[in-house]
Structure formats: structure tokens, C-alpha cells
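Q: Okay, handing you the structure first.
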Amino acid sequence: MARSFELTRLDSNTFEHMVNMLATEVLGKGHTGFGPGADGGRDGYFEGRCSYPSAEEAWSGVWYIQSKFHAPGVSGNPQKWLLNRIQEELDAFSDPASNREWPDNWILATNVDPSAAAKHGTFDKAKELIRAVRPQLVDKFHIWGGEKILTLLSLHKSVLHHYSQFLTSGHLISELYRQLSGSSAGVQEILRHWIVSDFVQQQYTKLEQAGSTADNRPGIQELFSDLPFHSIGRQRQAHVAIALAKTLAERHVVRADIPDGEAWRRWQHEPERSRMWFIKGGPGQGKSTVTQYIAQIQRAAYILESEGFVVTPAQRVLAENVKKFATAGNLWPIAPRVPVYVELKNYAQWIGETSGSKRMLPYLCFLLENELGQPVRAGTLKTAFSAGRWLFIFDGLDEVPGDIKDLVANEVIHFVDDVLIGCGCDAAAIATSRPQGYSGQFDNLDAATVTLAKLQPGEALSCAEPLLKIGRSTSESRDYISILEDALHSESIKEIMTTPLQSHIMAVVVRDGGRPPERKWQLFDTFYKVIKKREANRNLPNRKLAALLRAGDVLIKTLHNRLGFELHSRAETKSGAVTSLKRDEFRSIVRQVVSSLQEADIEETVEVLMEAATERLVLVNTPESGEAVRFDIRPLQEFFAAEHIYDSANSDGFSERMRTISGDSHWSEVVHFILSALVENNRKTELSVAVSLLIELDEGDAVADRLFYRKLAKGGIIAARLLREGVLEHDKRIRSLFGKCIDSLISANDSEDFLAAVASPHSKSWVID
Numbered sequence: 008m009a010r011s012f013e014l015t016r017l018d019s020n021t022f023e024h025m026v027n028m029l030a031t032e033v034l035g036k037g038h039t040g041f042g043p044g045a046d047g048g049r050d051g052y053f054e055g056r057c058s059y060p061s062a063e064e065a066w067s068g069v070w071y072i073q074s075k076f077h078a079p080g081v082s083g084n085p086q087k088w089l090l091n092r093i094q095e096e097l098d099a100f101s102d103p104a105s106n107r108e109w110p111d112n113w114i115l116a117t118n119v120d121p122s123a124a125a126k127h128g129t130f131d132k133a134k135e136l137i138r139a140v141r142p143q144l145v146d147k148f149h150i151w152g153g154e155k156i157l158t159l160l161s162l163h164k165s166v167l168h169h170y171s172q173f174l175t176s177g178h179l180i181s182e183l184y185r186q187l188s189g190s191s192a193g194v195q196e197i198l199r200h201w202i203v204s205d206f207v208q209q210q211y212t213k214l215e216q217a218g219s220t221a222d223n224r225p226g227i228q229e230l231f232s233d234l235p236f237h238s239i240g241r242q243r244q245a246h247v248a249i250a251l252a253k254t255l256a257e258r259h260v261v262r263a264d265i266p267d268g269e270a271w272r273r274w275q276h277e278p279e280r281s282r283m284w285f286i287k288g289g290p291g292q293g294k295s296t297v298t299q300y301i302a303q304i305q306r307a308a309y310i311l312e313s314e315g316f317v318v319t320p321a322q323r324v325l326a327e328n329v330k331k332f333a334t335a336g337n338l339w340p341i342a343p344r345v346p347v348y349v350e351l352k353n354y355a356q357w358i359g360e361t362s363g364s365k366r367m368l369p370y371l372c373f374l375l376e377n378e379l380g381q382p383v384r385a386g387t388l389k390t391a392f393s394a395g396r397w398l399f400i401f402d403g404l405d406e407v408p409g410d411i412k413d414l415v416a417n418e419v420i421h422f423v424d425d426v427l428i429g430c431g432c433d434a435a436a437i438a439t440s441r442p443q444g445y446s447g448q449f450d451n452l453d454a455a456t457v458t459l460a461k462l463q464p465g466e467a468l469s470c471a472e473p474l475l476k477i478g479r480s481t482s483e484s485r486d487y488i489s490i491l492e493d494a495l496h497s498e499s500i501k502e503i504m505t506t507p508l509q510s511h512i513m514a515v516v517v518r519d520g521g522r523p524p525e526r527k528w529q530l531f532d533t534f535y536k537v538i539k540k541r542e543a544n545r546n547l548p549n550r551k552l553a554a555l556l557r558a559g560d561v562l563i564k565t566l567h568n569r570l571g572f573e574l575h576s577r578a579e580t581k582s583g584a585v586t587s588l589k590r591d592e593f594r595s596i597v598r599q600v601v602s603s604l605q606e607a608d609i610e611e612t613v614e615v616l617m618e619a620a621t622e623r624l625v626l627v628n629t630p631e632s633g634e635a636v637r638f639d640i641r642p643l644q645e646f647f648a649a650e651h652i653y654d655s656a657n658s659d660g661f662s663e664r665m666r667t668i669s670g671d672s673h674w675s676e677v678v679h680f681i682l683s684a685l686v687e688n689n690r691k692t693e694l695s696v697a698v699s700l701l702i703e704l705d706e707g708d709a710v711a712d713r714l715f716y717r718k719l720a721k722g723g724i725i726a727a728r729l730l731r732e733g734v735l736e737h738d739k740r741i742r743s744l745f746g747k748c749i750d751s752l753i754s755a756n757d758s759e760d761f762l763a764a765v766a767s768p769h770s771k772s773w774v775i776d
């Protein structure tokens, strides 16, 4: 039978999705839906009775459906490969430690056609393997080989249509243009911007933008290490990029004929299948980095498509490099998605400034018009969204000011669940936020909630290793890795290196010959000094700037501190949602800082600093045209804001500032940095003031409310984090200052959640006592 479709264009992720959809057609939608992921020896699960393999021989009980995709070039003998995969599954079922349960019926789907020779063919050999360990399963075992699957696709046209773009030959970009041939001539420019222009703009991690010179920055693909996550109902950790690659391989057009039962809802909300992800992760846990890398992979796939965009040789080399790393990580897509990246703080800023519609669609038109220099209509975008495959990333709800956060989240939900569904868009979407300050704004979004997990020591080392190796000899990188391996035996360093950002910063410090810092404030303080030293040692043509970088420690640090405070303060409201300062505003702050520290040569120093900021002043970055300044990494902004608060005010001013921010989620990381700095620098007076304010947090203003505030134990939670990170480990006199805070926390219902992780020996003994 001649067919115009083939299975060799699929990958393992898409093949699994297609098999599950076929199985629902063959076994019937009226029974229970397919269950969770690939653990337990099942990619699909079914329980019940149906007319398979025929109405007369109807099988019943528990069914497992497994997918085994043989990629071209994996093995010289596909038949032997298939038998080996079956033997591996049987060994796993037979292993008491695996906790697997045998099914009553087992269907194994593969793109390999098992040979049918009697006794010596693959199918008969497979049955003999099963007979040896599970005789009762022999007659309830079927293989859906490549030809069988193609036949099933012919019989079930809805599945064939759903996956037709994967199964037929063709060129991705040219096909997309063909589908959009009747729409605005601007579609090609729009796609080129979202694919090629953004590919160039997004090639580096934010940390490398902050800490490396332009000529030696490694691309994000060279530094990325996959991250562990938890999700609701999942008993084991998984890795976020792998799971994202699986769900992006699916076709996510919302269909009216999908059952609405609870079992189906749970199945669709598995991260490997869900069309919408909500990623929660703390500061520096890699929320933005993983979405940036996944988007870069999609762009690279379009650029390398044979009838794709015309690009420079350097851009094609970069795309090939991304492909090399993505293929090694099993992340390369066969049918990529056009990524559309939205920084939600920028969207919030636009909402505060625009007098027209606040919807997401007009905002995307606004962004494109600014980039392309020509009008872009909402109808053009909706037409584009109705064709091809799309990935929408809504990054950083936590950076949206509290007075507009609900509105921004509601607009994201409206765009995903109304606009895109109305377009018939094959759309996957990802939203991200820190847990701090998040209060359920995306609960109504039909999404898989993914919570990034702390890195274990081995994972932290894997994050640090690429940076330790780049630009270093084998012996040098081996020495650096050995230093970090030894350091990770320390409980305090284990606690620091639980996020990719902090593991990465630790690598920067060690590469520079420094000792691994043991606490978070030390880590960020050392990182600033390392980058400051690196900048000072550069051979700069501007002698005045070079002299300032070498000698102006107080001036440059004070400027960083003030800028961090100004930016973080402005980010509290929608009018300051975009955390950058225009050059004239920055000039005013520079003049104030210089005037406070110098009596002469003020204007000359201001001009030198302004000139330096056009490129980069240590960790102050100047995006795009150089007309604004900012910190690219939010934890650095929070670190410098903290430095400003405790280092620039008298005791009364410090007390007032701390009273204002200590219970505010927007300032929670800043407060942690402040308390850590006061301990590290032995600032006993300010520390006593700060602790008294934490106690006030747990007491409340009125006696009648005291029990309520003690149950919240906000001050106790702040103190528990200091204990957990080892900040209070080395001086029992300082620990004792926090005693009342810990007493309040112990009276709270969930105190164990905050105190159980205290591992430093002196701090742990103190808590127990």
C-alpha cells in the first residue's frame, strides 16, 4: 500500500505522543484515560475491557502501552535492538527493587517492523523472552510495529491529521509562508525578527553578560546544565529541559473531542504532555535560563532548515553549535516552534504607560512595530498564530509590581486560553515566577506547575564545570574542579551551591584563584570584587577610567549600591516595572554619589563614569542602544540595594528603612542580604536594631493581634533562613539575639518546614536546645 507519510521523521517524544493518541482511538475513549509518565514501565496506562484485538477476543484488565522508537543510526540491527529493549523491560519488571507491577495486557509500539519468521523471527523470540519470566502474559502481548502503526493511522484519520506535519516531507519555513500567503507582507519580517534577530540577542546567559568581556563569552549552550524539578503528583524528580522537549514535541491544538474526566485532566497535566507550564523557582534557580536555552534551540532548528532564513556564516556556525549541544542532550526538535518571549515587567510598564487596550496582542504589535519600523496589525499576528507551531514564554511574574500583578496574570490567561485557542494555534506556553510574592495568580491557568528543586552537590558541580573548563587547560580545569569537589564536603558550601547562579558565581571566584566562600553574602561580595579586579586589569585606552577602576573602590561600590537601591525601589510600582534608568537619571545619581565623596574634579569624574557606563561599569550593564543602565541579574540588584540600605544611613534612618521593608515580599531577598552583611561585618548596633524589628514583626502592633502575628512568624522565618545558610554558625552571641524570633517560629504550625534543614552543627544544637 503506497503511503505519503513515514515514521522516520519522528523522534522518540513525538512518537510516544502519537502512540498514546492512537491507543485512545483503538482502545476507546469511554474508559479511563492514560496515566502518568514513563515510570513503572508504562508510557500509557489503560484499565478496563474493550474489543481488542477483536470483539470476540476482547481483552480486559490493566493495560500497559510502551513506546520504543528506533532512531536512524542508533543500531545496525533494529531487530536485535528491539529484543534488547524488551529484555531490559522484563529485567526491570522482575527486579523486586523496581516496585513495578505486571500488567494483564502489554502492547509495545515501535517504528521497527518485527520479523515474522516462525520461531526465529523477532516477534516469536520476544514471546519466548516473556514466557521465561511471565508465562501468563505471553498471549496478551502484542507488538505494534511500523507497518501496523501506519495501518492504524490510515484507519484513524483524526490522528493522522493531528501529526501530519511530522509524518510528511516538507520545509518548515516555506510551508509556514505558504499557509500565510494571503496575509500581510510583514509576516516574513515578523518571523525573521522572532527567530533570527532574537537568536543573536539571546545567545549569552545573563551572568556571562555581567561577568565576561565581549570577546570571550561562551554561548548559553556551552554553559547550560539541566535542572531538577518536582511537580504535583510526581513521586520522583525529573529534569526540566528534557520534560520540556517532550511536551514541545506534541501538537497542542486544543480539540473539542478530548474527554473532560479527572483521569484525562491528570494525564494532560503531566509536564511531559501539558501545553502550558508554570515554572516556580527561587532567586538564581534558572527559570529564565532554561526558557532562554529552549527558545534558542527552536530558533537554531529554523535557521538550519534547508529552505530557512538567509543568515550570516557566523549565525549559521552558532546555530550548528547549538544543535551539537542540544542533540547531545536529546533536546533537538524535528518540528520546532517559533519562540515569542515576553518579559512581564516590560509588559507591566507598557500597561502603565498606554492609554489604549491593555491586552497582550496589542502589546506584541507594539514591540514588533518598534523593532521593525512598520505597522503591525493584530489580525496579521492572529493569522500567523493560526499556522505553524509556536512557543510563548511569559517570564518573571515576580518582577511585576504588586499593584498590577493580578491584571498582568489575567491578561496572560486571556491570551493563552482565549486568543490562541480561538486562532486554532498549535501553541505551547511557559510562565515563570519566584514563589515569594506569588499568590495564586495563575491558578486558573490550565497548566502543569513545575517547581525547580535545589541542586544536589553533584548537580551543582555539573553546573560549575563548563565554566571551569572554558578557556583553561585540562590541568587547570582539573585543579579547579578538585577545589570545588573538596569544598562541597562543607555543609555551608553545599547550602550555597544549591542554585545554578550561585554555582556559576562560585566557579567564577575559583577560576580567579579565590577560595570558595562559605556563605551567600560572602559569595556575592567576592564576585563583585573579582569582576571589579578583572575590569581594573583590562588594558583600557581611557587612562582616567583605568585609574578610577584601579583606585576608586569606594566610589564605584557606592554607585553600584545606590543604583541597586533606586532600581529595586522603582520596581515596586507599575510606573517603575522596567528596572533600568535612563542616562539622564543615571547621570543625576552619579553626580550625587561623586559629590558626596569628592570635593574637587566632580564634573570630570562624572564624565568618566558616564563614559564607562556606555560599555559596562563592572556589573552595571547598558542594554541595546546604551540609553539606559541596569543590572541584568536581579539577585545582584538585590545585593547592592542591601549594601546601600545598611551602609548609607544613620541608626535612625536604618531603623526606619528596615521597618518599612522587613515584612514586604518584594524586599525579602534584600532583607536577607542586609542581615547577612551585618553579621559578616560585625555591625552589632545595626544588627540589634534589625533583630528588634523582626521581633516586632512577630508581635504585631496590638495585643489582640499578637497570636495571629506569632502564627505567621515572619520574623522567625527570616531568622530560620539565616540558620539554615550557616550565617549564624560561628558566634553563639549573635545566635542568641535571634532567640525570640525562633521561639515565635516554633509556635507556628509549620515550623519543621523551616528548621528541619538546619545542618550546621552549632546552629542545629542551639535549635534543639
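Position 727 of the sequence shown, counted from 1, bears residue number 734 in the working numbering, the numbering being contiguous throughout.
All C-beta atoms in this analysis are idealised placements derived from N, C-alpha and C, irrespective of residue type, glycine included.
Just curious, the beta strand (DSSP E) that P320 is in, first and last residue?
A: Careful: P320 lies outside any beta strand (DSSP E), inside the alpha helix (DSSP H) at P320 to A335.
Q: Just curious, the beta strand (DSSP E) that N112 is in, first and last residue?
A: That run of the beta strand (DSSP E) goes N112 to T117.
Q: What is the DSSP secondary structure of A99, reduced to helix, strand or coil?
A: In the structure shown, A99 sits in a helix (DSSP, three-state: H, G or I).
Q: Can you tell me the Cβ-Cβ gap for L325 and G226, rounded? I've got them flagged as a contact below 8 Å.
A: Correct: roughly 7 Å between the Cβ atoms.
Q: Taking contact to mean 3 or more Cβ pairs, one atom from each stretch, closer than 8 Å, check whether the segment 274-283 and the segment 192-202 are in contact.
A: With a cut-off of 8 Å, the segment 192-202 and the segment 274-283 do not count as touching, because too few Cβ pairs lie within range.
Q: Just to confirm the assignment, what range does the alpha helix (DSSP H) spanning E32 have?
A: First-last of the alpha helix (DSSP H) with E32: S19 to L34.
Q: When you compare the segment 661-668 with the segment 530-540, are there three or more beta-carbon pairs, one atom per stretch, that lie closer than 8 Å?
A: They do not touch, by the three-pair rule.
Q: Going by DSSP, what residues sit across from V627 in a beta bridge?
A: According to DSSP, V627 bridges with L624.
Q: Does the beta-carbon of G55, which I'm using as the reference point, lie nearer than 7 Å to any heavy atom of the ligand COA?
A: You won't find the ligand COA in this model; it holds no ligand whatsoever.
Q: Please report the Cβ distance between D120 and G153, rounded to the nearest whole angstrom; I am assuming they are in contact, meaning their Cβ atoms lie under 8 Å.
A: Yes, D120 and G153 are in contact; Cβ-Cβ is about 5 Å, under 8 Å.
Q: Can you tell me where the alpha helix (DSSP H) holding S743 begins and where it ends?
A: Residues K739 to L744.
Q: Below 6 Å CB to CB, which residues in the same chain sit around G288 once its five sequence neighbours on both sides are set aside?
A: Only K294 and L459 meet the Cβ criterion.
Q: Identify every run of the beta strand (DSSP E) within the segment 413-484, keeping only runs that are complete inside it and at least 3 residues long; order them along the chain.
A: As far as the segment 413-484 is concerned, its whole beta strand (DSSP E) runs of at least 3 residues are 433-440 and 455-459.
Q: Would you report the Cα separation of L157 and W109, rounded to the nearest angstrom?
A: Rounded to the nearest angstrom, the two C-alpha atoms are 28 Å apart.
Q: Report yes if the CB atom of E706 is closer than 8 Å to the CB atom of R713, and no otherwise.
A: The answer is yes: Cβ separation under 8 Å.
Q: Going by C-alpha distance, which of F593, G559, I563 and L555 is nearest E573?
A: Nearest C-alpha to E573: F593.
Q: Are at least three pairs of beta-carbons, each pair with one atom in the segment 464-479 and one in the segment 599-614, less than 8 Å apart?
A: Judged by Cβ distances under 8 Å, the segment 464-479 makes no contact with the segment 599-614, as fewer than three pairs qualify.
Q: How many angstroms separate the CA atom of V329 from the CA atom of A308?
A: Answer to the nearest angstrom: the Cα atoms are 9 Å apart.
Q: What separation, rounded to the nearest whole angstrom, lies between the Cα atoms of R92 and T129?
A: Distance between the alpha carbons of R92 and T129 is about 12 Å.
Q: Of the choices R56, V166 and H77, whose alpha-carbon is the least far from that of V26?
A: Ranking R56, V166 and H77 by Cα distance to V26 puts V166 first.
Q: By the three-class DSSP mapping on this structure, what secondary structure does M283 have?
A: The answer is strand: DSSP assigns M283 an E or B state.
Q: Can you tell which of D760, F761, A764 and D750 has the C-alpha that lies nearest to the C-alpha of D776?
A: For the residues D760, F761, A764 and D750, the minimum Cα distance to D776 belongs to D750.
Q: Which residues in the same chain as A494 place their Cβ atom closer than 6 Å to its Cβ, once the five residues preceding and following it in sequence are excluded?
A: Once the five neighbours on either side are set aside, the close Cβ partners of A494 are I500 and P523.
Q: Buried or exposed for H567, going by 16 or more other Cβ atoms inside 10 Å?
A: With 16 or more Cβ atoms within 10 Å of its Cβ, H567 is classed as buried.
Q: Suppose contacts are defined by Cβ-Cβ distances below 8 Å. Is K352 in contact with I640 by that definition?
A: No; because the gap between Cβ atoms is not below 8 Å, this pair is not in contact.
Q: State the DSSP-derived secondary structure class of A755, mapped to helix, strand or coil.
A: The answer is coil: DSSP assigns A755 none of H, G, I, E or B.
Q: Report, in whole angstroms, the separation of the C-beta atoms of H511 and L474, which I expect to be a contact under 8 Å.
A: The Cβ separation is near 6 Å, so the contact holds.
Q: Once DSSP output is grouped into helix, strand and coil, what is the label at A124?
A: It is coil, neither helix nor strand.
Q: So L34 and C57 are supposed to be a Cβ contact under 8 Å. How far apart are they, rounded?
A: Their Cβ separation, rounded to whole angstroms, is 5 Å, which keeps L34 and C57 in contact under 8 Å.
Q: What residues match up with G55 in a beta bridge as DSSP calls it?
A: DSSP output for G55 lists G68 as bridge partner(s).
Q: Please tell me whether L404 and V415 are closer than 8 Å, where the distance is taken between their beta carbons.
A: In contact: L404 and V415 (Cβ atoms closer than 8 Å).
Q: From what residue to what residue does the alpha helix (DSSP H) around L566 run?
A: Residues D560 to R577.
Q: In this structure, does DSSP put I202 in helix, strand or coil?
A: Here I202 sits in helix by DSSP.
Q: Below 7 Å CB to CB, which residues in the same chain sit around Q299 once its five sequence neighbours on both sides are set aside?
A: Result list for Q299: Q209 and I227, in chain order.
Q: State the CB to CB distance for the pair V349 and F401, rounded to an integer number of angstroms; the pair is presumed to be in contact (CB under 8 Å).
A: Right, the Cβ-Cβ distance comes to about 5 Å (below 8 Å), so this counts as a contact.
Q: Starting from A593, trace the alpha helix (DSSP H) in both directions and tell me its first and last residue.
A: First, the amino acid is wrong: residue 593 is Phe here, not Ala. Run containing F593: R590 to L604, per the alpha helix (DSSP H) assignment.
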